[in-house]
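Everything on this sheet refers to the single structure shown next.
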Amino acid sequence: MIYLDSGATTWQKPRQVFRAVQKAMESCANPGRSGHRPAREAERVVYSCREEAAEFFGLDRPERVVFTQNATHSLNLAIKSLLHEGSHAVITGYEHNSVVRPLEAMKGQGVTYTAVSSCLFDPEDMARQMERAITKETRCMIVCHVSNVFGSIAPLEELDRICLRHGLSMIVDASQSAGMLPLSVKKYPSAAFFCMPGHKGLYGPQGTGLLLCCKDIPLYTIMEGGTGSRSLEVTQPDFLPDALESGTLNVPGIAGLWEGLKFIRRQGCEAILRREQELIGLLARQLGEQNNLRVFAGGENQAGVLSVVFPIPSEEAAEKLASQGVCVRAGLHCAPLAHRTAGTLPDGTVRLSVSAFNTKREMIRAADLIAKM
Amino acid sequence: MKDASLMIFRSVTYAQRAGRVLEKQGITTYMLRSQAILGGGSCSYALKVAPRQLEHSLEILRQCQIPVNGVYVLDKWGHYQKAQ
Chain P
1 MIYLDSGATT WQKPRQVFRA VQKAMESCAN PGRSGHRPAR EAERVVYSCR
51 EEAAEFFGLD RPERVVFTQN ATHSLNLAIK SLLHEGSHAV ITGYEHNSVV
101 RPLEAMKGQG VTYTAVSSCL FDPEDMARQM ERAITKETRC MIVCHVSNVF
151 GSIAPLEELD RICLRHGLSM IVDASQSAGM LPLSVKKYPS AAFFCMPGHK
201 GLYGPQGTGL LLCCKDIPLY TIMEGGTGSR SLEVTQPDFL PDALESGTLN
251 VPGIAGLWEG LKFIRRQGCE AILRREQELI GLLARQLGEQ NNLRVFAGGE
301 NQAGVLSVVF PIPSEEAAEK LASQGVCVRA GLHCAPLAHR TAGTLPDGTV
351 RLSVSAFNTK REMIRAADLI AKM
Chain X
374 MKDASLMIFR SVTYAQRAGR VLEKQGITTY MLRSQAILGG GSCSYALKVA
424 PRQLEHSLEI LRQCQIPVNG VYVLDKWGHY QKAQ
């Protein structure tokens with residue numbers, strides 16, 4: 001089997017991740033609730049992962065790392081904390097439904113947004129168009145760091161400078177970039193939140209996500225409940241991470257995520273990016289030789305995701321590939337806005353996305369199988 | 374750790390962070406759940422620290438902006454009393 005669906009989740013994980021999940025299930029109880037050994041072990045695991053993530057992403061305080069269920073959960077918390085009645089957001093034309101749908105839902109509360117169309121794989125154009133869309137009501141920019149459809153890399157540094165110039169906060173959707181593009185939150189002073197899943201480039205289990213809170217702003221709580229702190233009070237604690245972490249945490253998931261983070265630290269983000277760009281470049285070249293395919297290649301402005309339009313419907317192409325042991329994703333990838341921007345509606349694309357576990361041989365083999373289709 | 378003083382924190386995360394910070398400074402602590410009465414009637418966590426290292430520990434935590442919700446020391450009858 002050739003697994004090329006890491007944009008959905010990195011199915012292949014370091015062995016340590018599996019072991020850590022099992023070990024946590026055997027040794028950990030509920031963190032922050034009791035004083036006995038299994039509870040203490042859970043607390044150690046959770047805090048160690050929090051500390052590891054804080055260090056990895058350059059946050060000076062581990063409590064600013066919030067464990068969530070996934071990137072969608074993180075994005076909802078970030079968007080709903082930052083935008084209120086009368087606020088306007090500028091978003092890239094490549095955002096996922098996890099950004100667009102919360103914004104649509106908030107329209108009833110007087111929140112508006114502008115989705116900015118810009119040329120694919122053209123970071124200068126994106127920055128120019130995003131700045132043009134700013135109005136006096138604009139409160140924040142929401143930026144998909146790497147498109148989950150095309151792998152295009154957003155010019156985060158330039159967008160950060162624009163935000164600072166206009167007094168805006170930035171929310172970064174790092175779903176496809178975390179663990180691949182070196183990411184230090186200190187480099188982006190306008191950023192209020194970084195949102196990411198734990199189960200993609202960070203190689204943790206499904207059901208894990210991170211919200212990195214970079215600024216002291218009032219937090220919107222999707223859920224309220226038990227936090228193991230200030231229990232006499234009937235109101236939710238207002239301090240991190242408790243404000244946003246009600247209920248029992250996914251301790252086995254967090255244990256696995258901790259190992260995933262350590263794996264990336266050992267490999268190095270730069271090395272992972274270099275390798276994934278090499279693989280995607282190879283695949284793009286191989287597929288580009290086939291005249292009946294439309295291949296969306298972006299060179300150095302592209303990370304580990306490649307979209308292809310086949311002469312047959314994308315779902316049919318993906319099904320044929322699956323029957324030959326090549327796992328890809330087809331359709332709109334929950335990002336219809338990106339397809340509208342790139343002109344690939346209504347059928348979408350076939351997406352091939354890689355991880356640190358893919359090889360050049362797999363790319364050549366997949367390209368051969370596609371050629372024979 | 375006998376005769377230890379207690380520093381109370383608002384959550385397990387803060388207690389853990391304080392413990393790590395102090396450990397890096399060579400100060401040994403032991404984390405435990407504090408009695409409800411010490412935690413102001415709430416669930417909270419405490420770090421036990423040797424009385425001779427209490428002042429220095431508090432100073433380090435102040436510098437690191439880690440809030441301490443209360444400090445308790447043992448009286449001669451072995452009961453914890455809130456430090457002034």
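These protein sequences, in sequence, are chains P and X.
Under the working numbering, the letters of the first sequence match residues 1 to 373, in that order.
Under the working numbering, the letters of the second sequence match residues 374 to 457, in that order.
Each residue gets a CB set at the ideal place from its N, CA and C atoms; glycine is no exception.
Note that this is a predicted model, so its numbers are computed, not measured.
Within 9 angstroms, strictly: CB atoms of residue i and residue j
i                     : j                     : result
residue 338 (chain P) : residue 352 (chain P) : no
residue 144 (chain P) : residue 92 (chain P)  : yes
residue 83 (chain P)  : residue 111 (chain P) : yes
residue 158 (chain P) : residue 189 (chain P) : no
residue 394 (chain X) : residue 43 (chain P)  : no
residue 302 (chain P) : residue 277 (chain P) : yes
residue 182 (chain P) : residue 273 (chain P) : yes
residue 210 (chain P) : residue 118 (chain P) : no
residue 89 (chain P)  : residue 72 (chain P)  : no
residue 154 (chain P) : residue 146 (chain P) : yes
residue 311 (chain P) : residue 9 (chain P)   : no
residue 7 (chain P)   : residue 329 (chain P) : yes
residue 313 (chain P) : residue 347 (chain P) : yes
residue 349 (chain P) : residue 263 (chain P) : no
residue 309 (chain P) : residue 283 (chain P) : no
residue 121 (chain P) : residue 256 (chain P) : no
residue 203 (chain P) : residue 259 (chain P) : yes
residue 184 (chain P) : residue 148 (chain P) : no
residue 225 (chain P) : residue 201 (chain P) : no
Extent of the continuous beta strand (DSSP E) to which residue i belongs
i                     : result
residue 309 (chain P) : 305-309
residue 408 (chain X) : Run containing residue 408 (chain X): none; DSSP gives neither H nor E here.
residue 248 (chain P) : Note, residue 248 (chain P): premise wrong, no beta strand (DSSP E); not H, not E.
residue 410 (chain P) : Past the boundaries of the shown model lies residue 410 (chain P); chain P is included only from 1 to 373, so the question cannot be answered.
residue 407 (chain P) : Within the shown structure, residues of chain P are numbered from 1 to 373, placing residue 407 (chain P) beyond reach of any answer.
residue 88 (chain P)  : 88-92
residue 419 (chain X) : 418-422
Endpoints, the alpha helix (DSSP H) within which residue i is located
i                     : result
residue 314 (chain P) : 314-323
residue 342 (chain P) : 336-342
residue 82 (chain P)  : 71-82
residue 126 (chain P) : 123-132
residue 103 (chain P) : 97-105
residue 54 (chain P)  : 37-57
residue 27 (chain P)  : 15-27
residue 436 (chain X) : 427-436
residue 394 (chain X) : 385-397
residue 356 (chain P) : Where residue 356 (chain P) is concerned, there is no enclosing alpha helix (DSSP H), given that its DSSP letter is neither H nor E.
residue 162 (chain P) : 156-166
Beta-carbon contacts of residue i that lie in its chain and below 7 angstroms, excluding the five residues immediately before and after
i                     : result
residue 186 (chain P) : 58
residue 170 (chain P) : 140, 141, 143, 159, 160, 163, 188, 190, 191, 192
residue 46 (chain P)  : 31, 249, 251, 254
residue 206 (chain P) : 9, 199
residue 109 (chain P) : 85
residue 39 (chain P)  : 29, 30, 31, 33
residue 376 (chain X) : 424, 447
Residue i versus residue j - alpha carbon distance
i                     : j                     : result
residue 289 (chain P) : residue 391 (chain X) : 59 angstroms
residue 77 (chain P)  : residue 96 (chain P)  : 15 angstroms
residue 249 (chain P) : residue 199 (chain P) : 16 angstroms
residue 408 (chain X) : residue 80 (chain P)  : 36 angstroms
residue 416 (chain X) : residue 320 (chain P) : 56 angstroms
residue 387 (chain X) : residue 418 (chain X) : 8 angstroms
residue 271 (chain P) : residue 300 (chain P) : 14 angstroms
residue 362 (chain P) : residue 63 (chain P)  : 41 angstroms
residue 173 (chain P) : residue 334 (chain P) : 14 angstroms
residue 453 (chain X) : residue 411 (chain X) : 9 angstroms
residue 406 (chain X) : residue 331 (chain P) : 51 angstroms
residue 437 (chain X) : residue 217 (chain P) : 20 angstroms
residue 403 (chain X) : residue 56 (chain P)  : 27 angstroms
residue 375 (chain P) : residue 152 (chain P) : Nothing about residue 375 (chain P) can be reported from this structure: the residues present for chain P run from 1 to 373 only.
residue 323 (chain P) : residue 194 (chain P) : 37 angstroms
residue 356 (chain P) : residue 336 (chain P) : 27 angstroms
Sequence-distant residues of its chain with Cβ nearer than 8 angstroms to residue i (five each side left out)
i                     : result
residue 245 (chain P) : 66, 67, 227
residue 444 (chain X) : 378, 379, 380, 381, 427, 431, 455, 456
residue 364 (chain P) : 282, 286
Contacts around residue i, its chain only, beta-carbon distance under 6 angstroms, and the 5 residues preceding and following it disregarded
i                     : result
residue 129 (chain P) : 116, 118
Residue i beta carbon near the ligand ZN (any heavy atom closer than 8 angstroms)
i                    : result
residue 51 (chain P) : No copy of the ligand ZN occurs in the structure displayed, which carries no ligand at all.
**Q.** Against chain X: residues of the segment 57-69 of chain P by CB proximity under 8 angstroms
**A.** 61, 62, 63
(Q) At a CB distance below 7 angstroms, what residues from the segment 234-249 of chain P approach chain X? Give them in sequence order. (A) 239, 241, 242
**Q.** Where the segment 403-429 of chain X meets chain P: residues whose CB sits under 7 angstroms from a CB there
**A.** 405, 406, 414, 415, 416, 417
Q | the segment 184-202 of chain P: positions lying closer than 9 angstroms to chain X by Cβ | A | none
(Q) Along the segment 212-234 of chain P, where does the CB come closer than 8 angstroms to a CB of chain X? Name the residues. (A) 227, 228, 229, 230, 231, 232, 233
Q: Check each residue of the segment 275-302 of chain P: if its Cβ is closer than 9 angstroms to any Cβ of chain X, include it; give the result in chain order.
A: none
Q: Using a Cβ-Cβ cut-off of less than 8 angstroms, give me the residues of the segment 379-390 of chain X that come near chain P, in sequence order.
A: 383, 384, 385, 386, 387, 389, 390
Q. Taking a cut of 9 angstroms between CB atoms, which residues from the segment 77-105 of chain P lie near chain X?
A. none
Q: Using a Cβ-Cβ cut-off of less than 9 angstroms, list which residues of the segment 112-136 of chain P approach chain X; keep chain order.
A: none
Q: Check each residue of the segment 8-36 of chain P: if its Cβ is closer than 9 angstroms to any Cβ of chain X, include it; give the result in chain order.
A: 31, 32, 33, 34, 35
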